[in-house]
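Numbering (our numbering), first residue to last: 203 to 375. To keep things clear, I will list the structure first and then write my remarks on it.
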């Protein structure tokens, strides 16, 4: 047709157009029927595979969805466990901090008690030191009294009397 450059009449153009449309319509119909047949064949095979034979178990076509739900459930459980573990760790940390503060309070209390005891001992020692000084004076008086009695019995002697830290020399004639 390209060799003969003739113009076609409108009637011829319409006939060609109609025959082509009819041909493409039939091809499309056959293609759709083949697709339909293939789809029904695939569905029948899938149903047979799902049901299985007498010795086979039925397949679960929603297993992917079930697995997906199980994974989501496991993730939720893990998140809950993590939250619970985090809460338990926080509680443990609080308890440990509380025990530590209580221990520090006890140590401070013991230290205060020791300091108070030390102060009482120092105070007691101070009082007892005064008592010791009084008793030392009393002893020196007693010793001096004895020294005089010794001195009166003998003729001109020198006697040393010791009372605690001090030395007293008493001379008799």
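Positions of the beta carbon are idealized from the N, C-alpha and C atoms, including for glycine. Computed from a prediction, not measured in an experiment: that's the story for all the values here.
Length of the line joining the Cα atoms of residue i and residue j
i: residue 297; j: residue 310; result: 20 Å
i: residue 216; j: residue 243; result: 40 Å
i: residue 289; j: residue 282; result: 10 Å
i: residue 224; j: residue 264; result: 44 Å
i: residue 231; j: residue 222; result: 14 Å
i: residue 315; j: residue 292; result: 34 Å
i: residue 285; j: residue 275; result: 15 Å
i: residue 212; j: residue 205; result: 20 Å
i: residue 323; j: residue 333; result: 15 Å
i: residue 245; j: residue 209; result: 53 Å
i: residue 312; j: residue 300; result: 18 Å
i: residue 277; j: residue 229; result: 53 Å
i: residue 220; j: residue 227; result: 10 Å
i: residue 295; j: residue 302; result: 10 Å
i: residue 218; j: residue 237; result: 29 Å
i: residue 235; j: residue 256; result: 33 Å
i: residue 269; j: residue 308; result: 57 Å
i: residue 280; j: residue 317; result: 54 Å
Where residue i falls: helix, strand or coil (DSSP)
i: residue 205; result: coil
i: residue 211; result: coil
Item checked: In chain order, each beta strand (DSSP E) run of at least 3 residues that lies wholly inside the region 225-272 -> none
Next item on the list: Mind listing, in chain order, the continuous alpha helix (DSSP H) runs of no fewer than 4 residues lying wholly within the region 292-327?
Entry: none
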